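*Asks:* The numbering of the sequence shown is the working numbering, which starts it at 1431 and goes up by one. Backbone N, C-alpha and C fix where the C-beta goes; we use that ideal spot for every residue, glycine too. Please read all numbers here as calculations on a predicted model, not as lab measurements.
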Amino acid sequence: MTVAIEMGHTTAGAPAALDLEELLATRLLVQGNSGSGKSHLLRRLLEQSAPWVQQTIIDPEGDFVSLGDRFGHLVIDAEEHTERGLQSAGERARIHRVSTVLNLEGLDAENQMRRAAAFLGGLFEVARDHWYPMLVVVDEAQLFAPAVAGEVSDEARKLSLGAMTNLMCRGRKRGLAGIIATQRLAKLAKNVAAEASNFLMGRTFLDIDMARAADLLGMERRQAEAFRDLERGQFIALGPALSRRPLSLRIGPTDTSPRNGTPRLMPLPEAALEDARAIILAAPPPETVRPQRRSSPDLLDQLMAAKSAALEIRPEPVEPPISAEDLAERRERVDRVLRAVLAQPDAGFRVIGVLYQEFVVRCRIEGLASVVPDLPAFRRMLTRARAGLGSDMAGDDAWQDVSARASLLPEDMQGVFMMIARAAKEGWPCPSDAAIARAYGSHSLRRARRLLTYIEEQGLIVCQLDGTGRRTVTLVELAWATAPGDPNSEEAEQGRLAV
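Below, the structure written as C-alpha cells:
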C-alpha cells in the first residue's frame, strides 16, 4: 500500500508529496539554521503520518508535547524516570505500538544524552516478534551524535552516539525509520549523517554547512549559494521518498503548534514607569543575621575540652591484621553478593555501571562496605563470575595463565574466553551460542558466532565441528578441549534471542 503524505507545495504550485512507505525503508535528514522552519516541517510530517504509522520523538526542548493532546501521543518526562525505566518504557512502547514523545526539557546535556540513549536502546533491543514499522524523529540531532567531544563525559557521548548509530545504520531491518534534524550539519557525526538517503535542506548561511549540504545533494559548490536565498519554511528536497532531482518546496500549515511560538513584536507599555532607575536598581533586601549570644566559658566545658585534647594526643590503636580465615570468609560473602546480583533475569543485559551500583548497595546491607572493590576490580570480578570462576580459583597458576591470555582480547570479550576455558578444563560440552551471547550481554546468536570467529583469529582457540554439527573448542598451547556440544542447544528455548 502506497501512502503519500502532502508536505506542502512546490514553487510551481503543485502538491509536494512524501512516500511514507519509501520513507520507512530509508532515512531522512533535515538541516537548516535556527528559524528556517525545521520544527514546523517535522510537525507537519508527524501530523500527516500519525494515522498511518507509530511514532516516537526525541524532543530536547519540549516543542512536540502538544501532539499528545491532538493525536494521543504518550508524553514521557525523562526528568522523572531513571535510565533503566526509560529503556523498559521504550521496549513496552514498541511492543504495544504506542506513539510517544520523550520530553528531555529541564535536563542538562549529559543527562539528555544518557536518557535518550537508554530510550533508543529499548526501541532497538526489542525481540524480533515486535519489529513493527516506526518513525523515530530526533530533533537537534547534533546534541546526541556530536562530531567531536564536548563538555560531556566520554561515557555519555559514547552511549548516545552508539544509540544514534544503531538507529541510522541498523534500524531499518528492525522497522525503525530514523528522521534526524540538525541546525549544524558540520557538528553532526559523519557516520550518522551519511546513512540518510532523503534530504530536506533549509536556509543555511555558514560556508562549511552549505558545502556539506551541497555534497549530500550532489550539487556543485557554486550552487550551494542557493541555500542562503531560501525563505523560512522553504526547503530543497531530494531522495527516493521525495524527488529524484533537487526540488524546492514550501511546507504547508499544521494543526498543532509548539508551546513556545516564534517571538513576535509587542508594543511597549504606553505609560512610562516612574522612578525606573530607583525600581530597577534598588538594593536587595538585607539578610537577617541574628547576633550570636556569647556566654561565659563554663568550667565543666573547659575540663571536657582538656580531656578531649589529652585523648587526641594518645596514639591511635593499631588494628590487628586480618587473619587468612576472615579474609577468605569476606571474599566468600562478596562472591555470594555478586552471584545474587547476576542471578537476576536481566543482569546479563544491563550496563556495568548499574550492576556496580546495585552491587555496592547490597555489600553495604551485608556489612561489607569496607571491602567493596572499586569499578576496575569489579569488572575483573564480573568477568570471572560470568565464566563461573570463584575467588578461590583466581590464584591458581593455570587460571593466571588463562587470565593473561584473556587480557589480549577486548575487555567485553574476556568473560566469554574464560567461560570457554572453564568448560575446556572441566571437560564440559562446548557452550552454546545462546550461552555465549548471554555472557557477552547480547541477545544476538549471530554476534556470539562472530565472537568465536574473532577469538579464533587471534590465535587463542581452535573451533571444530564434527559430522553431527556439534562444536568442540580447543585452547591453543594449553591443550584444553571442551566436549562436543550442540551450538543450537538452547536456541529453541530462547525465543527472545534475535538472530
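DSSP three-state label for L1757, please.
*Replies:* Helix.
*Asks:* Could you give the first and the last residue of the continuous alpha helix (DSSP H) run that contains H1526?
*Replies:* Looking at the DSSP string, the run of the alpha helix (DSSP H) that includes H1526 is 1513-1526.
*Asks:* Answer with buried or exposed for I1709, where buried requires no fewer than 16 other C-beta atoms within 10 angstroms of its C-beta.
*Replies:* I1709 should be labelled exposed.
*Asks:* What number of angstroms, rounded off, separates the C-alpha of P1840 from the C-alpha of S1687?
*Replies:* Near 49 Å, if we compare the C-alpha coordinates of S1687 and P1840.
*Asks:* Tell me which same chain residues have a C-beta within less than 7 Å of the C-beta of V1832, skipping the five on either side of it?
*Replies:* Closer than 7 Å at Cβ, skipping near neighbours: M1848, A1851.
*Asks:* Cα-Cα, which of Q1572, L1895, L1454, S1466 is closest to R1680?
*Replies:* Measuring from the Cα of R1680, the nearest candidate turns out to be S1466.
*Asks:* Once DSSP output is grouped into helix, strand and coil, what is the label at V1906?
*Replies:* It is coil, neither helix nor strand.
*Asks:* Report yes if the CB atom of E1564 is closer than 8 Å to the CB atom of A1593, and no otherwise.
*Replies:* According to the sequence shown, residue 1564 is Met rather than Glu. It is not a contact, given that the beta carbons lie outside the stated cut-off.
*Asks:* Alpha carbons only, please: which of L1881, P1806, E1907, P1914 is nearest the one belonging to G1857?
*Replies:* Here the closest residue by C-alpha is P1914.
*Asks:* Quick check on A1799: buried or exposed, where buried means 16 or more other Cβ atoms within 10 Å of its Cβ?
*Replies:* The residue in question, A1799, is exposed, as its Cβ has fewer than 16 Cβ neighbours within 10 Å.
*Asks:* What residue from V1568, D1842, A1641, M1437 has the CA that sits closest to G1663's CA?
*Replies:* It is M1437 whose Cα lies nearest to the Cα of G1663.
*Asks:* In this structure, does DSSP put L1945 in helix, strand or coil?
*Replies:* This structure cannot speak to residue 1945, because the chain is shown only from 1431 to 1929.
*Asks:* Taking just the CA atoms, how far does Y1870 sit from N1918?
*Replies:* Cα to Cα, N1918 sits roughly 17 Å from Y1870.
*Asks:* Rounded to the nearest angstrom, what separates R1473 and E1451 at their Cα positions?
*Replies:* Near 18 Å, if we compare the C-alpha coordinates of E1451 and R1473.
*Asks:* For K1617 and P1576, which I take to be in contact (beta-carbon distance under 8 Å), what is that distance rounded to the nearest angstrom?
*Replies:* Indeed they touch by this definition, with Cβ atoms about 6 Å apart.
*Asks:* Let me check understanding here. Comparing Cα to Cα, which of D1637, T1612, F1665 lies closest to L1630?
*Replies:* Selected option, being the one with the closest Cα: F1665.
*Asks:* Beta carbon of H1873, beta carbon of T1684: below 8 Å?
*Replies:* No; because the gap between Cβ atoms is not below 8 Å, this pair is not in contact.
*Asks:* Can you tell me whether DSSP reads L1630 as helix, strand or coil?
*Replies:* The answer is strand: DSSP assigns L1630 an E or B state.
*Asks:* Does the distance from the CB of A1546 to the CB of I1609 come in under 8 Å?
*Replies:* Not in contact: A1546 and I1609 (Cβ atoms no closer than 8 Å).
*Asks:* Quick one: any contact between the stretch 1765-1777 and the stretch 1800-1817, if contact means 3 or more CB pairs under 8 Å?
*Replies:* Touching, yes, given that three or more Cβ pairs across the two stretches are closer than 8 Å.
*Asks:* Residue ranges of each alpha helix (DSSP H) run of no fewer than 4 residues wholly in the stretch 1846-1899, ordered along the chain?
*Replies:* Correct list: 1863-1870, 1875-1887.
*Asks:* Assign G1401 to one of two classes, buried (16 or more other C-beta atoms within 10 Å of its C-beta) or exposed (fewer than that).
*Replies:* Residue 1401 cannot be examined here, being either before or after the span of the chain that is shown, 1431 to 1929.
*Asks:* When we look at the beta-carbon of I1506 and count the other beta-carbons within 10 Å, is it buried (16 or more) or exposed?
*Replies:* Burial call: buried.
*Asks:* What residue from V1906, S1862, Q1888 has the CA that sits closest to R1900's CA?
*Replies:* It is S1862 whose Cα lies nearest to the Cα of R1900.
*Asks:* Return the chain-ordered list of same chain residues with a C-beta closer than 8 Å to the C-beta of Y1439, the five sequence neighbours on each side being excluded.
*Replies:* Here residue 1439 turns out to be His, not Tyr, going by the sequence shown. The residues are P1445, A1446, L1679, R1680, G1682.
*Asks:* Using only CA atoms, which one of D1776, D1499, V1906 lies nearest to A1836?
*Replies:* The residue with the shortest Cα to Cα distance from A1836 is V1906.
*Asks:* Is the beta carbon of G1492 less than 8 Å from the beta carbon of E1521?
*Replies:* The answer is no: Cβ separation not under 8 Å.
*Asks:* For A1519 and F1549, I'd like the C-alpha separation in whole angstroms.
*Replies:* Distance between the alpha carbons of A1519 and F1549: 7 Å.
*Asks:* Please name the residue, chosen from G1498, A1539, Q1542, I1891, that lies closest to T1904 on a Cα-to-Cα basis.
*Replies:* Closest option to T1904, Cα to Cα, is I1891.
*Asks:* For V1433, which residues from the same chain have a beta carbon less than 7 Å from its beta carbon, with the 5 sequence-adjacent residues on both sides left out?
*Replies:* For V1433, where only same-chain residues beyond five positions count, the Cβ hits under 7 Å are L1450, E1451, W1482.
*Asks:* Quick one: Cα of R1780 to Cα of E1513, how far?
*Replies:* Looking at the two C-alpha atoms, the distance is approximately 11 Å.
*Asks:* Give me the Cα-Cα distance between A1754 and A1865, rounded to the nearest whole angstrom.
*Replies:* Answer to the nearest angstrom: the Cα atoms are 35 Å apart.
*Asks:* Is the separation between the beta-carbon of P1501 and that of A1480 shorter than 8 Å?
*Replies:* The residue asked about is misnamed: residue 1501 is Phe in this sequence, not Pro. Taking 8 Å as the Cβ cut-off, F1501 and A1480 qualify as a contacting pair.
*Asks:* According to DSSP, simplified to helix, strand and coil, what is T1686?
*Replies:* In the structure shown, T1686 sits in coil (DSSP, three-state: anything other than H, G, I, E or B).
*Asks:* Report the three-state DSSP secondary structure of L1497 (helix, strand or coil).
*Replies:* It is helical.
*Asks:* Cβ atoms of T1530 and P1670: under 8 Å apart, would you say?
*Replies:* Result no, Cβ atoms of P1670 and T1530 do not sit closer than 8 Å.
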